[in-house]
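Undergrad:
Protein chains: 2
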Amino acid sequence: MAASPPVRDVPPAGALNAWRAAREAAGCPARLPPVRVKVEDAAGLVTAEPVWATRSSPPFDAAAMDGVAVRAAGTAGASETTPIRLRPDAYDMVDTGDPMPDGRDAVVMREHVRYCGKAAELRAAVPPYQHVRSIGEDVSAGELLLPAGHRLRATDVAAAAAAGATHLLVRRRPVVVILPTGEEVLPIGEPTGAGEITDTNSLMLATQAREAGCEARCLPVEPDDPAGLASAVSAAVSGCDLLIVVAGSSAGRGDYTARVVAELGMLAVHGVAIRPGHPVVLGVVGRTPVLGAPGYPVSAALAFDIFAGPLLAGLAGAAPRHRPRATARLGRELASPPGLDDWVRVRLALVGGTMMATPLPRGAGTLTSLVRADALLTVPAGLAGYQRGEQVEVELLRGIDEISRTIVAMGSHDLALDLAASALRAEDPLVTLATSSVGSLGGLQALRDGLCHIAGSHLLDPATGEYTLPHLDRIMPGAGLRVVRLAHREQGLIVAAGNPSGLTGIEDLTRPGMRYINRQRGAGTRVLLDHELGKRGISPGAVGGYAREEPTHLAVAAAVAAGRGDAGLGIMAAARAFGLDFVPVTREPYDLVVTASVMDSPLLAPLWALLRSARFQAAVTELGGYTTTEMGRCIR
Amino acid sequence: MAASPPVRDVPPAGALNAWRAAREAAGCPARLPPVRVKVEDAAGLVTAEPVWATRSSPPFDAAAMDGVAVRAAGTAGASETTPIRLRPDAYDMVDTGDPMPDGRDAVVMREHVRYCGKAAELRAAVPPYQHVRSIGEDVSAGELLLPAGHRLRATDVAAAAAAGATHLLVRRRPVVVILPTGEEVLPIGEPTGAGEITDTNSLMLATQAREAGCEARCLPVEPDDPAGLASAVSAAVSGCDLLIVVAGSSAGRGDYTARVVAELGMLAVHGVAIRPGHPVVLGVVGRTPVLGAPGYPVSAALAFDIFAGPLLAGLAGAAPRHRPRATARLGRELASPPGLDDWVRVRLALVGGTMMATPLPRGAGTLTSLVRADALLTVPAGLAGYQRGEQVEVELLRGIDEISRTIVAMGSHDLALDLAASALRAEDPLVTLATSSVGSLGGLQALRDGLCHIAGSHLLDPATGEYTLPHLDRIMPGAGLRVVRLAHREQGLIVAAGNPSGLTGIEDLTRPGMRYINRQRGAGTRVLLDHELGKRGISPGAVGGYAREEPTHLAVAAAVAAGRGDAGLGIMAAARAFGLDFVPVTREPYDLVVTASVMDSPLLAPLWALLRSARFQAAVTELGGYTTTEMGRCIR
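As you go down the protein sequences, you meet chains C and Y in turn. For the first sequence, the numbering used here puts the final residue at 1431, and the numbers step up evenly by one. For the second sequence, the numbering used here puts the final residue at 1431, and the numbers step up evenly by one.
#1: Do you know whose CA, among C:Ala919, C:Val1141 and C:Pro1015, lies nearest C:Met904's CA?
#2: Span of the alpha helix (DSSP H) holding C:Ser1235?
#3: What three-state label does DSSP hand C:Gly1317 in the structure shown?
#4: Helix or strand or just coil, what does DSSP make of Y:Asp884?
#5: For Y:Leu1210, which residues of its own chain have a beta-carbon under 6 angstroms away from its beta-carbon, when the five flanking residues on both sides are left out?
#6: So for Y:Ala838, helix, strand or coil by DSSP?
#7: Using the rule of at least 16 other Cβ atoms within 10 Å of the residue's Cβ for burial, across every protein chain shown, is C:Gly977 buried or exposed?
#8: Distance check for Y:Pro806 and Y:Arg1183, CA to CA, integer angstroms please.
#9: Is the region 1160 to 1179 of chain C touching the region 1204 to 1222 of chain C, taking contact as three or more C-beta pairs under 8 angstroms?
#10: As a quick exercise: from C:Arg1371, C:Leu1225, C:Leu1323 and C:Pro1346, pick the residue whose alpha carbon is nearest that of C:Thr1292.
#11: Skipping 5 residues on each side, what residues in its chain have a beta carbon closer than 6 angstroms to that of Y:Cys1429?
#12: From the DSSP output, in three-state form, read off C:Phe1099 for me.
#13: Relative to chain Y, which residues along the region 829 to 850 of chain C have a C-beta separation below 7 angstroms, given in chain order?
#14: When the cut-off is 8 angstroms and only beta carbons count, does C:His926 lie next to chain Y?
#15: Is the shortest distance between the beta-carbon of C:Ile983 and the beta-carbons of chain Y less than 8 angstroms?
#16: Roughly how many angstroms separate the alpha carbons of C:Leu1172 and C:Glu1190, rounded to a whole number?
#17: Give every residue of the same chain whose Cβ lies closer than 7 angstroms to the Cβ of Y:Thr1423, excluding the five residues on either side of it in the sequence, and list them in chain order.
#18: Evaluate contact between the region 1373 to 1382 of chain Y and the region 1223 to 1234 of chain Y, counting only Cβ atoms and requiring at least three cross-stretch pairs below 8 angstroms.
#19: Y:Pro922 touches chain C at which residues, Cβ-Cβ below 9 angstroms?
#20: Cα separation between Y:Ile1434 and Y:Asp1268?
#21: List the whole-angstrom C-beta distance separating Y:His1248 from Y:Leu1398, where the pair is believed to meet the contact cut-off of C-beta under 8 angstroms.
#22: From this set, Y:Arg1120, Y:Thr1161 and Y:Leu1225, which residue's C-alpha is nearest C:Arg1116's C-alpha?
#23: Go ahead and pull the three-state DSSP assignment for C:Leu1349.
#24: Which partner residues of C:Val1080 appear in the DSSP bridge assignment?
#25: For Y:Ser1045, which residues in the same chain have their Cβ closer than 8 angstroms to its Cβ, ignoring the five residues on either side in sequence?
#26: Rounded to whole angstroms, what is the Cα-Cα separation between C:Val1203 and C:Ala1103?
#27: Using three-state DSSP, classify C:Arg1343 as helix, strand or coil.
#28: Taking only three categories from DSSP, how would you classify C:Ser1392?
#29: Just verifying my parser: in three-state terms, what is the DSSP assignment at C:Met1426?
#30: With 7 angstroms as the limit, tell me which residues of the region 1220 to 1231 of chain Y have their beta carbon closer than that to any beta carbon of chain C; keep them in chain order.
#31: Using a Cβ cut-off of 9 angstroms, which residues of the region 1346 to 1380 of chain Y contact any Cβ in chain C, in chain order?
#32: So which of Y:Arg1082, Y:Ala813, Y:Thr1230 and Y:Gly1066 has the shortest CA-CA distance to Y:Leu1059?
#33: Within 8 angstroms of any Cβ in chain C, is that where the Cβ of Y:His1065 sits?
#34: Counting only Cβ pairs nearer than 9 angstroms, list the residues of chain C close to Y:Arg1005.
#35: Against chain C, with Cβ distances strictly below 8 angstroms, would Y:Met999 count as a contact?
#36: Quick one: grab the DSSP three-state call for Y:Met792.
Structure representation (structure tokens):
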């Protein structure tokens, strides 16, 4: 096998070409072998030969109406004034679908026939073939019904059966095997210790393969050992049409996939100019294509889409499935590194008739960004990004109808809002409330930029001691905003269970060795901390850990629970979710800010109704630290 | 059970409401019971409760780069001019994904570290948490990951597993049972006699149900007997969540579904104001919803979409799947009966940058119109249709990408063109050639109206004896059209095998008792017949059966093969496809007419290449009656 050196850091199209060339050089089959299956079992598979009709449908001339079948020539001259009467041997009663009796060539509708004894009286002449469905009206024997390379749908298999097919020649399903690697990677269900992670990539890739119409199988996790990996790859390739080797999360010392593929077969590509997903490996071992997928879940998911998808469709001889596209407007500037195709997950929101796109967190490890994304936006390698307001084309991950009916809330993360999202959906599957945690200030700016319907805010104005309202006139002067109270929440220090350091309040944050967990700039809780420090004359620099930022209350609580921090300001419900202790500091209102036009739109009606329901208020109180007496009240 | 009289001929929304009310009155469950399944088995199912993260992902602070983990405070003051050296106990080598060692809070990238013996030299200070992925960066324990009522995709199950789920509470799959009726209906694979048809509706409906995420089962065909049908329905309802009773093709005497449902349970709706699909029955037997679907296949398919789809999604607590939509321009006026929602199957073609829609045959029996349709257009009950040029919204049945890459040919039906469609797809799954049989004149008019890329024509000009070319200047004067020769074809009389009547030519069509099968007005073969009759001084009225029209050569041959006609003018290949005899009359050219701009577009390049290939020319010659010496030649 001629081993040319692998191409590196090429654009996706070049990588696909290099992989194809390697497959051809290695003698990989271009198409899977055809198999003959019963037409009943063929749905979802791809035709391996054209389907020609072997009989006509309908297979005979048939009545297209209920009525009487006649010979058209025998009705000549019939009219309102000169009705004619047909004797019983000159007509037959027929129902829709009945074959036309011999010697009859037209049907008179039941409503237009009167009976005089056994004779049928007609008051109009009928032309030949009136209300007759001709043999072959739908399809004639010998006609092309479906081409080769067609993925069979419900109507296709039914039409094939109607045209005489009992069996169809189709491509067998591609078999995809997934081989996870990395000693720190454990199967789902096994408890993970420090430094260990659960193997979720195998499940994700196998599910993607099944969604693409393949059979998929996952092998046990292989440790990062070149010899062991080589023998696992050698054993796996003989039993599949595509082997996906998933890297451990470690992209450094443990990255043996490329080496093993080069040793056992042909390494075509090592590294593709995409983000996320750069460390992709493409090659061939034996006659089986091998895809080395990065360990970061978003990278792995995109590597499947970009590289496995087209290969698997090609093996079946079908066109790859494409996601529907839509256009959207960017509410913010989007910067992107040049030289890489940048795949950005975006949230969409239909605000005031315009579809707006907001980028979600871009890390390759943030799988939830893909779960929560409405669409993918690709910034091509040649662009450094997009300007604010630019119209972009996106690939939809959810239906546009569903997206158009989604309430989008951005701002401070709040557990009661999470609960509302779930309660709304449980009541009506058509209602979705999607939340993005961007901090209170981020939410108000997103509302200003038309990116969302609701800004969730608990932003203190230190000058007045008021929350949220004073900021509105600054950020969106004259916008006529409305404000609905969600709840009051207890804010305080989230500390380890049993409060082992015996913290009593903000003052104690200056203790030596303190590992404080802060919130990001623009977060209401960050503003609150600065305000509380300022009141006490404490400088931020005096708080150990002030520079460490987390994006949500729960992330702060998670860090404290893991022992990586001593304290962080946050809501009581977050402390409670992790079984941590809580040192109260203050009580603050959390409000929902909306524009006047959106306030009264049908889109938001289910949310307002929910907030006024006693059952929901009780559920929020259950979370701990919430007061719901003003829930749903319009305070401005 | 309170039995209010059924509503009749209501619009679909009213029918859905009446059915829902009947289900509520009968105590049908609104949702299917939840079941707990392993997260590995949950893909495609719908969550029955919200999924909250029970652990954070990543579960620990981790290095986000390959390099050395340090304490940020220990790097203060490092610069190009004042590098600092860290002793081995002051740093740890880490790879991406490794947990941060105790006491380290930042990572320096490998590329920025030099080693002096065992000491690591840094030339820049680093801030705390540089290149550190925080615990919970993706999702924090306690956070809402997925709401209830969410259909699980690959990324969802992976994210749920990463957030600690080993099992998920989901709705079980709905079970749909299909009960076909009618004594003329036979299972697939059984030979059909006169008046009998194959049961393709059961396969279609079961496949539609599976495509909607259900389990589906088909019962044996039940004859049209009220007592037998009643006991079959009674037995079936206990084992499913939806029973679909499919009428035989006969909508008259045999329509017992409504009566049986009314007797056994509650008949909510009998007849819906839609076309096709009017005779829909909606009711409840026991606690199981029953849908009576019409026997015409297009009606049955639409009845599933409109009525079963929303019910089944509701049972799973999920939003019904919606097809993507697009806008298209109508190239022709479209009339529609008032008072009915009219579901029109349309062919789409991207011609000169505009997406054009052409209605396909509208009969409820023409299942191939649904197979060949690119989209569905609904003309609402309140409208009498659309004007030519109007912009309409359609529901896509194929991907818009695929549609945009489809070559659309309209005009006279030709078997060589069918063969080309299949050969193009077999070579490249991305290339589709879609043909519509509308006759030669219809094709040229469609080209004029911008509805297609190619008009297939063999239209004789009786005045000059020339084909196609003289018509172009009449239909599209000054359009600068190009013409590519497909082939010459033998036209003649298609007669029964062995030519039992001993027909020798056009003259014999005036024989008494002749049952001629004609082609529709505008068909090239119709023009040819009229020309041949005229040459001989024969009036059309002298030909028995002149008024009987069929849309294609194959349909003519099918009628002759079935013994329902004695002769029809058509191509030799059609006679051969049915094993019939052929009496040659003339040889004619079949040409492809295109606009100059489309001629040289990349879209058509694969077709022109195919026409010039010797292998394809040989395959066409094989069909019989074709001469391919000029195939692919540009004759204008």
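Ideal placement from N, C-alpha and C gives every residue a C-beta, glycine not left out.
TA: So, from the listed chains and residues:
#1: C:Ala919
#2: Residues Gly1234 to Arg1243.
#3: coil
#4: helix
#5: Ala1368 and Leu1418
#6: Looking at Y:Ala838 - three-state DSSP - the assignment turns out to be coil, as it is neither helix nor strand.
#7: C:Gly977 should be labelled buried.
#8: 26 angstroms
#9: As far as the Cβ criterion goes, the region 1160 to 1179 of chain C does not touch the region 1204 to 1222 of chain C, which means the pair count is below three.
#10: The residue asked about is misnamed: residue 1292 of chain C is Ala in this sequence, not Thr. Nearest to C:Ala1292 by alpha-carbon distance, out of C:Arg1371, C:Leu1225, C:Leu1323 and C:Pro1346, is C:Arg1371.
#11: Val1279
#12: helix
#13: Val834, Glu835, Ala838 and Pro845
#14: no
#15: yes
#16: 7 angstroms
#17: Non-local beta-carbon contacts of Y:Thr1423 in its own chain, meaning distances under 7 angstroms to residues more than five positions away in sequence, involve Ala1282, Gln1412, Val1415 and Thr1416 in chain order.
#18: no
#19: Going along chain C in sequence order, the residues near Y:Pro922 (Cβ under 9 angstroms) are Ala1342.
#20: In the structure displayed, chain Y extends from 796 to 1431; residue 1434 of chain Y sits before or after that span and is not available.
#21: 7 angstroms
#22: Checking every option, the nearest Cα to that of C:Arg1116 belongs to Y:Leu1225.
#23: helix
#24: Answer is C:Thr1083.
#25: Annotation note: pLDDT 47 at Y:Ser1045 (below 50); position unreliable, coordinate value reported separately. Excluding sequence neighbours, Y:Ser1045 sits near Gly977, Glu979, Asp1019 and Gly1090.
#26: 33 angstroms
#27: coil
#28: helix
#29: coil
#30: Those residues of the region 1220 to 1231 of chain Y that come within reach of chain C (Cβ to Cβ, closer than 7 angstroms) are Arg1220, Ala1221, Pro1224 and Leu1225.
#31: Flagged, chain order: Pro1346, Thr1347, His1348, Leu1349, Ala1350, Val1351, Ala1352, Ala1353, Ala1354, Ala1356, Ala1357, Arg1359, Ala1368, Ala1369, Arg1371, Ala1372 and Phe1373.
#32: Y:Arg1082
#33: no
#34: Residues of chain C passing the Cβ test: Ala838, Gly839 and Ala949.
#35: yes
#36: The first residue shown for chain Y is 796 and the last is 1431, placing residue 792 of chain Y beyond what the model contains.
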